[in-house]
Structure formats: C-alpha cells, structure tokens
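Taking it in order: structure first as structure tokens, then the write-up.
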Amino acid sequence: AADKIHGETLPIDKPDMFVFTDREPLGVVAAVVPWNSQLFLAAVKIGPALAAGNTVVLKASEHASAAMLEFGEMIAKAGIPDGVVNIVTGHGDPCGKVLTSHPLVARVSFTGGPESARHVIGNTRENFAEISLELGGKSPFIVFDDADIGSAVNGSVGGIFAASGQSCVAGSRLIVHEDVADEFLERMSEVARGVTIGDPMAEETDMGPLCTQGQMDNIEREVARAVQEGGKIICGGKRADAGSDLFYEPTIIDCPSSDLHIVDTELFGPVLCVLRFRTEEEALALANDTVHGLAAGIFTRDSARALRMSRAVRAGIVWVNTYRAVSPIAEFGGMKTSGYGRESGFQAVYDYTRPKTVWMNTSSEPLASQFVSR
1 AADKIHGETL
11 PIDKPDMFVF
21 TDREPLGVVA
31 AVVPWNSQLF
41 LAAVKIGPAL
51 AAGNTVVLKA
61 SEHASAAMLE
71 FGEMIAKAGI
81 PDGVVNIVTG
91 HGDPCGKVLT
101 SHPLVARVSF
111 TGGPESARHV
121 IGNTRENFAE
131 ISLELGGKSP
141 FIVFDDADIG
151 SAVNGSVGGI
161 FAASGQSCVA
171 GSRLIVHEDV
181 ADEFLERMSE
191 VARGVTIGDP
201 MAEETDMGPL
211 CTQGQMDNIE
221 REVARAVQEG
231 GKIICGGKRA
241 DAGSDLFYEP
251 TIIDCPSSDL
261 HIVDTELFGP
271 VLCVLRFRTE
281 EEALALANDT
291 VHGLAAGIFT
301 RDSARALRMS
311 RAVRAGIVWV
321 NTYRAVSPIA
331 EFGGMKTSGY
341 GRESGFQAVY
351 DYTRPKTVWM
361 NTSSEPLASQ
371 FVSR
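Under my numbering, the residues of the sequence shown are numbered 1 to 374, in order.
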C-alpha cells in the first residue's frame, strides 16, 4: 500500500501556475484496541499507519494485555526499529487519557464501547487530534423467504455465537420472513443446542466463556427484562454448566416487536433477538430501526432485491449470502453511533496522511504588485 500513496496535479485556471497535492505522514498515531479480536484490530490499525510513514503507540485492553505484549515482541523480532511501534498497558484513566490527549499525538484510532469513545472524543479536544471510532452495533441478519435456509442458518449461527457473541459485528438481530420463520428457528435451535461450550483452547470447543463477570451480569439482566417485556426464550437463556461462572448458553429470544429494550442494546454475548416481517419494506424498516449502523447480513436468491436492500440499509458493511467476511483490502467501519472513519483498505492508509497543496509560479515575470492576488 505504501507505493500507492500519491498526490494529484490540479487543472488550475491560471496559466502561469503549476499546482499539485502531496500526502505526508501525520506523525504519531495512538491506537486503542479492546480485548476481543485484538490481534486483528491491532494489525488493521498498525499496518496502514506504518505504510503511510507514521509511528504508533498502541494501548492494550486492561482485560487482556498479554497478547499485545507478545505481539510487541514479535514486531521487534521482525526487525521493526525501536520506537516505531510502542505498546502500553493500563486502564483508560489515566493511561488512555494521557495517550489520547498528548500534544504529540496527531490521530487516534479507537475501537471499543460508546462510553469510552465519549471520553476519547473529549480527550482529543486537548490536542485537536484527528479521530476514527469503531463502536460496535446491533447488526441485522435479514432472511427472506427465498433464501437458502441451510446456508442462512449456518451464517446466523456463526454470526451470533462465534466468539460467544463478543464481536462488534455480531448478527444479533435476526429479521426473518414470517413464512420461513418457524422452520428457520427450529433448525437454528437444533444447531444452537448442539454447540460445544468449554475451554477455548480445546479443539472440540465451539464457544468459550464471556470475558468478565460484568458482562455476565448485564446479559442476565437484559434477558430477564426481555422476558418481562413479552419475549419468549426459544433456547438457552441461562448460564451453561461448563466449569466456570462465565459460560452462557447460546440463546434465542423471539421478540414480539422492536420495542423490547434488548432489541437495540448491544450485549456482547451469545444472545439472538428474533423479529418477523412480511414485506421487503417491513424488513428494511426493522433493520434500520436502531441507533447502530456497523454491519448487516442479507440472505436472498433475488439479486435485484439484494442490491436494493444493500443500498438502503443503514450500515457501513453489508454481507449478502455470507457473514463476517473480512479482508485487509476492504474498508471496515460503521455509521450512526457505530462510529466513523474506516479500518483496512486504501481509505485507511489515506486517513493516516494529510494532504498538502503546493503552488509553483512558472512565469519568468516578477510579481508586479504586493497586494494583488494571483
């Protein structure tokens, strides 16, 4: 990507002027990553920043710092000079606050929750650093009546239960056509009940634990509230007996409407909310009825419908007949309260540069006046 960074010559309406743009590195970049998917997230922040000529200070999550420290050792062994990539650990306050407000930091790339993001935004008022935010979501997984049900079930299972639902793009809102809803839920429930829960280092394990007790407590509160508000638990809905208090069963909740609090609340756990629709317009309205806007999945055999929906759904990433596909070539990011800015792709590289405009007077004549703009 480094050799793809380029400026432009501009067709200025002044015959004696040659004008071009260049792109230069920002300087020091602060990268803040959460505990989940941290190696991937660190890579998609550090890679473009280095390609653009910057140095990086990366803050690891206080919940899982060891992997990032080991990553730092690997970077050193790879031959990256000292001081180019730096890794710090600690809590958001004071460590993150000092980093993101530091006067030498030119850009902050943050992945995490909305409350922490608000603090980061406030911190950058001190140094006027540029900022990009990736804040998670409540992604819709839309299944039309013409979809390949088996494929859609597999996509939905992976979309919500992989990593125990602890993913910013988890497909946590299943929006399914009413004509195929019963079949879909029966097949998905059967798969969910067969998920192997246990040690994440064991080869046979499908789903590991939640990260913190706070997550578990929040999930239990929200599931109980959903039932009180009229939701019906199809499967799961309780802790799993897997040798620790941090295992939670794959859970599917049939929701009578999108008014339930759980429908637009990111849980970061293996809990799927189910909504039903009749028309394409209803599906779109349900999909967009959220403050979030990171990702969406659409399963249909109708390519025209897939194109209409992908353009109309308010999400930064849309997967059609697949889910959770990523690549360093493709931009990744959201809209609304899911953040702004992009990771990966050439856009990310450009985001770690600033444009500079250069005007060159090519005339052999001297300037005729001090007060006349050319």
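Even glycine gets a Cβ: it sits at the ideal position worked out from N, Cα and C.
| Item | Value |
| --- | --- |
| Leaving aside the five residues before and after Lys4 along the sequence, list all residues of the same chain whose C-beta is less than 8 Å from its C-beta, in chain order. | Phe346, Val349 |
| Along the beta strand (DSSP E) that carries Ala31, what are the first and last residues, could you check? | 28 to 32 |
| Would you report the Cα separation of Met201 and Tyr340, rounded to the nearest angstrom? | 34 Å |
| Measure how close the beta-carbons of Ala192 and Cys235 come, nearest whole angstrom, since I'm counting them as under 8 Å. | 5 Å |
| What is the DSSP secondary structure of Glu444, counted as helix, strand or coil? | Because the chain is modelled from 1 through 374, residue 444 falls outside the range shown and cannot be assessed. |
| Just the C-alpha distance for Asp16 and Trp359, rounded to the nearest angstrom, thanks. | 10 Å |
| Hey, quick one: how far does the beta strand (DSSP E) through Leu99 stretch, first residue to last? | Careful: Leu99 lies outside any beta strand (DSSP E), inside the alpha helix (DSSP H) at 97 to 100. |
| Is the Cβ-Cβ distance between Val108 and Ala2 less than 8 Å? | no |
| Alpha carbon to alpha carbon, how far is Ala147 from Glu183? Give it in angstroms, no decimals. | 12 Å |
| Start and end of the beta strand (DSSP E) containing Arg276? | 271 to 277 |
| Could you tell me whether the Cβ atoms of Val84 and Leu58 are closer together than 8 Å? | no |
| If we count the other Cβ atoms within 10 Å of its Cβ and call it buried at 16 or more, is Gly122 buried or exposed? | exposed |
| Measure how close the beta-carbons of Val44 and Glu229 come, nearest whole angstrom, since I'm counting them as under 8 Å. | In fact, because the Cβ distance is near 38 Å, the residues do not count as touching under 8 Å. |
| Identify, in the order they occur along the chain, each residue of the same chain with its Cβ nearer than 7 Å to the Cβ of Asp375, setting aside the five sequence neighbours on each side. | Nothing about residue 375 can be read from this structure; the chain reaches only from 1 to 374. |
| For His261, does the count of other Cβ atoms within 10 angstroms reach 16, so buried, or fall short, so exposed? | exposed |
| Phe161 lies in the alpha helix (DSSP H); which residues open and close that run? | 149 to 161 |
| Which partner residues does Gly297 have in the DSSP bridge list? | Phe141, Trp319 |
| Between Cys95 and Gln166, which are expected to be in contact by the criterion C-beta below 8 Å, what is the C-beta distance as a whole number of angstroms? | Not confirmed; about 22 Å, so no contact. |
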